[in-house]
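Trainee: This structure is in structure tokens; I'll ask about it shortly.
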Amino acid sequence: MPNYLVLERSFINNAIVEAGETVSYEGEAGSNLQALDAPAPPAPRSRKPKTDPAPDGAEDSAASPDPASLV
């Protein structure tokens with residue numbers, strides 16, 4: 133049976149298990165468990181784009197106004 137480190141207080145195998153304890157668990161592990169028998173999976177990549185382009189047709193609100201329109 134796979135062994136896991138409990139990351140947060142959880143109800144596992146019909147018992148309350150505190151963070152930091154290790155458990156053997158046959159089911160599918162959730163985000164509250166870290167596998168001890170295999171390396172931890174890599175952290176998920178951010179899905180946020182590196183730049184935040186303005187939508188098509190939208191002007192940049194930080195741009196200076198046209199000087200002719202200020203007269």
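First residue of the sequence shown: 133, per our numbering; consecutive thereafter. We treat Cβ as the ideally placed atom computed from N, Cα and C, and that holds for glycine.
(1) Which two residues bound the contiguous beta strand (DSSP E) that contains Y136?
(2) What number of angstroms, rounded off, separates the C-alpha of V138 from the C-alpha of T183?
(3) Specify the secondary structure class of L165 as computed by DSSP and reduced to three states.
(4) Do S156 and P134 have their beta-carbon atoms positioned less than 8 angstroms apart in this structure?
(5) Does the Cβ of L165 have 16 or more other Cβ atoms within 10 Å, making it buried, or fewer, making it exposed?
Mentor: Taking the coordinates as given:
(1) Looking at the DSSP string, the run of the beta strand (DSSP E) that includes Y136 is N135 to V138.
(2) 37 angstroms
(3) If DSSP states are grouped into helix, strand and coil, L165 belongs with the strands.
(4) yes
(5) buried
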